[in-house]
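**Student:** Under numbering that gives the first Met the number 0, the first residue of the sequence shown is numbered 0, with each subsequent residue one higher.
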Amino acid sequence: MKETLIIANSPMMWVLSVAIISVVVVQVLIFYRLAKHFVKDTNVLTDDEVRKSLRIGVIGTLGPAMAVFAIAVALIAQIGGPITLARVGVIGSAAFEMIAAKLGSAGTVATPDFTPQMLSAAAWVMTIGGSGWLIMVLLTNKKLDSFHEAAQRSNPLIIGYMSTFAPFVIFLTLSYKEVSKGLESSTAAPLAALVAGAVVMYIIKTAAARNESMKWMKEWAMGFAVIAGMIVGSIVG
Numbered sequence: 000m001k002e003t004l005i006i007a008n009s010p011m012m013w014v015l016s017v018a019i020i021s022v023v024v025v026q027v028l029i030f031y032r033l034a035k036h037f038v039k040d041t042n043v044l045t046d047d048e049v050r051k052s053l054r055i056g057v058i059g060t061l062g063p064a065m066a067v068f069a070i071a072v073a074l075i076a077q078i079g080g081p082i083t084l085a086r087v088g089v090i091g092s093a094a095f096e097m098i099a100a101k102l103g104s105a106g107t108v109a110t111p112d113f114t115p116q117m118l119s120a121a122a123w124v125m126t127i128g129g130s131g132w133l134i135m136v137l138l139t140n141k142k143l144d145s146f147h148e149a150a151q152r153s154n155p156l157i158i159g160y161m162s163t164f165a166p167f168v169i170f171l172t173l174s175y176k177e178v179s180k181g182l183e184s185s186t187a188a189p190l191a192a193l194v195a196g197a198v199v200m201y202i203i204k205t206a207a208a209r210n211e212s213m214k215w216m217k218e219w220a221m222g223f224a225v226i227a228g229m230i231v232g233s234i235v236g
């Protein structure tokens, strides 16, 4: 186990990890540039709306990032910092990576039987298991773009409705799944977290609508809601 973690945290592993994260950073810059050109060509958003969207996006990631960070700390102790950084930095799901590491190492991770060979197997399972998202984007992104253009030509309102209802359906599906799993396990923690997040979101939105000086809180609503849900869920659980 000690020898395995020495290899996992070796300088070469850090170099490879940073190289992988660098690719992600380059992709972010490319997508940002494409989005900027799209906004400029179509005038779909004003400069103020673009800045506001970026600010809301950054703030909205704070809550989920805290949850990922908490699990990533445990993952670092099991498979080292470099692999954790490379995997979580690309996929962003520390919980998935932890499960993949256990499956890939045949359950030996964090035990004396966790050999360098098991570390290699775990890294391969994590990488291959997380490649599905990348492959799906590669295969479907262009087709989705064609669908977007066709839908906009036939009925421009369709895109507006999809943009409105898609996030609602996604959050509803994920929430229902987690709450159901919690109730099956005789724990109300997921339900309590969901209710707490919804209440905090409603309070912030209502306060911002009634008080002009509190409008800035609308941008922080999702971040506060996620943090409140995490705290309440931890207490109830």
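Ideal placement from N, C-alpha and C gives every residue a C-beta, glycine not left out.
Using the C-alpha atoms, what's the distance from K142 back to R54?
**Tutor:** Within the sequence shown, residue 54 is the residue found at index 55, counting from 1. Within the sequence shown, residue 142 is the residue found at index 143, counting from 1. If you take the alpha carbons of R54 and K142, they lie about 30 Å apart.
**Student:** Would you tell me roughly how many angstroms separate the C-alpha atoms of A85 and T110, rounded to the nearest one?
**Tutor:** The residue labelled residue 85 in the question sits at position 86 within the sequence shown. The residue labelled residue 110 in the question sits at position 111 within the sequence shown. Their Cα atoms are separated by approximately 22 Å.
**Student:** Quick check for students: name the residue ranges of the alpha helix (DSSP H) that lie wholly in the region 90–123, counting only runs of 4 or more.
**Tutor:** If we require 4 residues or more, the alpha helix (DSSP H) runs fully inside the region 90–123 come out as 93–103.
**Student:** Pick from V235, A195, L15, K1: whose alpha carbon is nearest that of A122?
**Tutor:** Against the sequence shown, residue 122 aligns to sequence position 123. The shortest Cα separation from A122 among V235, A195, L15, K1 belongs to L15.
**Student:** Output the boundary residues of the alpha helix (DSSP H) element that contains G181.
**Tutor:** Translated into positions along the sequence shown, residue 181 becomes position 182. Residues 155–183.
**Student:** Give the secondary structure of M0 by DSSP, where H, G and I count as helix, E and B as strand, and everything else as coil.
**Tutor:** Translated into the one-based positions of the sequence shown, residue 0 becomes position 1. The answer is coil: DSSP assigns M0 none of H, G, I, E or B.
**Student:** To which residues of the same chain is A188 closer than 7 Å at the C-beta, ignoring the five residues directly before and after it?
**Tutor:** Taking the sequence shown and counting its residues from 1, the one referred to as residue 188 is at position 189. For A188, where only same-chain residues beyond five positions count, the Cβ hits under 7 Å are G181, G232, V235, G236.
**Student:** Per the contact definition of three or more C-beta pairs closer than 8 Å, is the region 28–41 in contact with the region 99–106?
**Tutor:** Touching, no, given that fewer than three Cβ pairs across the two stretches are closer than 8 Å.
**Student:** When DSSP labels each residue in this structure, what does V43 get in the three-state scheme?
**Tutor:** Start at 1 with the first residue of the sequence shown, and residue 43 comes out as number 44. Coil at V43, not helix or strand.
**Student:** Kindly list the residues whose CB is nearer than 6 Å to the CB of I19, restricted to its own chain and excluding five residues on each side of it in sequence; keep chain order.
**Tutor:** The residue you call residue 19 lines up with position 20 of the sequence shown. So the qualifying residues of the chain are A85.
**Student:** Is A94 closer than 7 Å to I75 when the C-beta atoms are compared?
**Tutor:** Locating residue 75 in the sequence shown gives position 76, counting from the first residue. Locating residue 94 in the sequence shown gives position 95, counting from the first residue. No, the pair does not count as a contact, with Cβ atoms beyond the cut-off.
**Student:** Please list, in chain order, all residues of the same chain as V108 whose beta carbon is under 8 Å from its beta carbon, the five residues on each side excluded.
**Tutor:** Stepping through the sequence shown from its first residue, residue 108 is reached at position 109. So the qualifying residues of the chain are Q77, I78, A100, K101, M117, A121.
**Student:** Since K217 and K204 should fall inside the 8 Å C-beta cutoff, what is the C-beta to C-beta distance between them, to a whole number of angstroms?
**Tutor:** Translated into positions along the sequence shown, residue 217 becomes position 218. Translated into positions along the sequence shown, residue 204 becomes position 205. Rounded, the Cβ-Cβ distance is 7 Å, consistent with contact.
**Student:** Which same chain residues, not among the five before or five after M200, have their C-beta less than 6 Å away from its C-beta?
**Tutor:** Residue numbering aside, residue 200 sits at position 201 when the sequence shown is read from its first letter. The residues are A220, A224.
**Student:** Look at the alpha carbon of M65 and the alpha carbon of G56, and state the distance between them as a whole number of angstroms.
**Tutor:** In the sequence shown, the residue the question calls residue 65 occupies position 66. In the sequence shown, the residue the question calls residue 56 occupies position 57. Those two C-alpha atoms are separated by around 15 Å.
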